[in-house]
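Here UniProt numbering is used: position 179 in the sequence shown is 179, and no number is missing along the way. Everything below concerns the one structure shown next.
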Amino acid sequence: MRHTSRRFPIIASGFSGKRVLLAGGLLAATAGGIAAYRFFNNGQPDTAVSRLRFTPILLESSEKLTHDVKRLRFKLDADKRLGFNVSSAVLFRVRHAEGKTEWRPYTPVSAESQKGWFEIIVKRYDKGLVSPAMHALRPGDEVEVWGPLPFLEYCPGSFSEVGLIAGGSGITPCLQLTRSILENPEDPTKVTLLFANKTAGDIILKNELDGLAAKYPDKFAVHYILNSAPDEWQGLAGNVDRTVVERVMPPPAPATFIGVCGPPAMVAAVSGDRPGPITQGKIGGVLKELGYTNVFKF
Ligand SMILES: Cc1cc2nc3c(=O)[nH]c(=O)nc-3n(C[C@H](O)[C@H](O)[C@H](O)COP(=O)(O)OP(=O)(O)OC[C@H]3O[C@@H](n4cnc5c(N)ncnc54)[C@H](O)[C@@H]3O)c2cc1C
1 MRHTSRRFPI IASGFSGKRV LLAGGLLAAT AGGIAAYRFF NNGQPDTAVS RLRFTPILLE
61 SSEKLTHDVK RLRFKLDADK RLGFNVSSAV LFRVRHAEGK TEWRPYTPVS AESQKGWFEI
121 IVKRYDKGLV SPAMHALRPG DEVEVWGPLP FLEYCPGSFS EVGLIAGGSG ITPCLQLTRS
181 ILENPEDPTK VTLLFANKTA GDIILKNELD GLAAKYPDKF AVHYILNSAP DEWQGLAGNV
241 DRTVVERVMP PPAPATFIGV CGPPAMVAAV SGDRPGPITQ GKIGGVLKEL GYTNVFKF
């Protein structure tokens with residue numbers, strides 16, 4: 001598994017002086033041009049999303065999962081898949097009544113290979129510019145998509161254990177990675193998911209997650225932890241702290257990878273501050289204390 005910032009090969013040159021500069025400049029420009037062309041012209045004949053333009057797509061169905069979360073399914077041509085690699089997000093652009101457009105990234109949770117449709121899960125922020133508009137979509141309504149936007153390149157089998165710590169709607173990249181590992185019979189990686197929520201009613205897709213744990217008992221385990229647990233709650237309670245991580249996550253080892261996604265306060269306490277959306281920051285918090293070294297903040 002690696003971050004998707006690609007490095008260009010260093011090209012040795014026998015020339016000197018201005019010619020070297022000129023040749024170097026031309027090579028750099030050509031390499032940059034090829035890399036830029038490849039990045040933007042990412043589409044394959046069977047993919048629907050492109051980085052060359054925003055592509056219009058229609059909502060097929062919308063399902064309320066909790067009081068503030070919906071699952072949205074978008075329609076594709078029967079022979080087309082969305083077109084992304086794990087892990088990636090896609091930009092969604094909505095047009096408001098006054099004509100102004102806004103976009104935000106969302107993480108597909110359907111399989112990479114799924115043709116004919118794809119799904120995302122959207123949490124609604126009442127004062128948000130995009131998530132309320134996404135929740136208001138009705139079947140047949142149009143949005144535009146751009147991408148994909150890769151943030152971690154997963155290579156099957158690169159780790160023996162993957163531990164994922166998700167908070168609330170931070171489940172989406174964890175689910176994308178989990179599905180890709182479980183549904184690939186060639187990938188022997190074991191996945192452990194720790195899913196933190198405020199209340200039992202906030203747990204998104206519990207049935208699906210429990211279904212995956214039942215279907216892949218040797219490859220997948222899921223643990224739920226609630227901030228406010230009712231008396232009858234059988235799972236973990238409280239915050240994701242050192243004791244909980246030690247209890248359920250795979251132990252630190254060179255072949256163990258830990259991914260974290262959730263509210264900034266949880267991410268900071270578990271894995272250290274994340275300075276910005278495209279910077280990881282240092283490993284900190286509970287994971288540093290316990291000695292984990294392969295940590296990614298989604
Ligand atoms: C790579 C990536 C992938 C993402 N994938 C998903 C996904 O799969 N599903 C999903 O639901 N979201 C996802 N998000 C978040 C999403 O892109 C938007 O940021 C989110 O929907 C809020 O957008 P908005 O326009 O409604 O709110 P904004 O207009 O951006 O914000 C308005 C107000 O909403 C509140 N708010 C917004 N975001 C948060 C937050 N995270 N925590 C607390 N308060 C907040 C704040 O009060 C803020 O002032 C992802 C973000 C990134 C960077």
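Backbone N, C-alpha and C fix where the C-beta goes; we use that ideal spot for every residue, glycine too. None of the values given here were measured: they were computed from a predicted structure.
Cβ neighbour criterion (16 or more within 10 Å) applied to residue i
i           : result
T4          : Note that T4 has pLDDT 44, beneath the 50 cutoff, so the model's placement of it is unreliable and no number is given.
T107        : buried
Q176        : buried
L26         : exposed
Y125        : exposed
I204        : buried
D202        : buried
S113        : exposed
residue 331 : A question about residue 331 goes unanswered here, because the residues of the chain that appear run from 1 up to 298.
L152        : buried
P230        : exposed
N207        : exposed
I34         : exposed
L82         : buried
Residue i Cβ short of 7 Å to ligand 1 heavy atom set
i    : result
V145 : no
P275 : no
K100 : no
V122 : yes
S180 : no
G167 : no
Which of helix, strand or coil DSSP assigns to residue i
i    : result
S158 : coil
P232 : A small correction: the amino acid at residue 232 is Glu; Pro does not occupy that position in the sequence shown. In this structure, E232 counts as coil in the three-state DSSP scheme.
F15  : Unreliable positioning characterises F15 in this predicted model, as indicated by a pLDDT of 39, which lies under 50. A coordinate reading is not provided.
G276 : strand
T55  : strand
V260 : strand
V190 : The sequence shown places Lys at residue 190, not Val. The answer is strand: DSSP assigns K190 an E or B state.
V244 : helix
L226 : strand
K198 : coil
T47  : strand
L205 : coil
I283 : coil
G291 : coil
Exercise for the section: Could you say if the segment 194 to 210 and the segment 156 to 170 meet the contact criterion of at least three C-beta pairs nearer than 8 Å? Expected result: yes
Practice task
Could you tell me whether the segment 70 to 79 touches the segment 268 to 286, where touching means 3 or more Cβ pairs closer than 8 Å?
Solution key: The segment 70 to 79 vs the segment 268 to 286: no contact.
Practice task
Could you say if the segment 249 to 263 and the segment 122 to 139 meet the contact criterion of at least three C-beta pairs nearer than 8 Å?
Solution key: no
Problem - Contained beta strand (DSSP E) runs [length at least 3] in the UniProt domain "FAD-binding FR-type" (52 to 155), N- to C-terminal order - result: 55 to 66, 69 to 75, 88 to 95, 101 to 106, 117 to 123 and 142 to 150
Practice task
Answer yes if the segment 98 to 105 comes into contact with the segment 55 to 68, meaning at least three C-beta pairs across the two stretches below 8 Å, and no otherwise.
Solution key: no
Problem - Inter-stretch contact (C-beta, 8 Å, three-pair minimum) for the segment 79 to 91 and the segment 176 to 185 - result: yes
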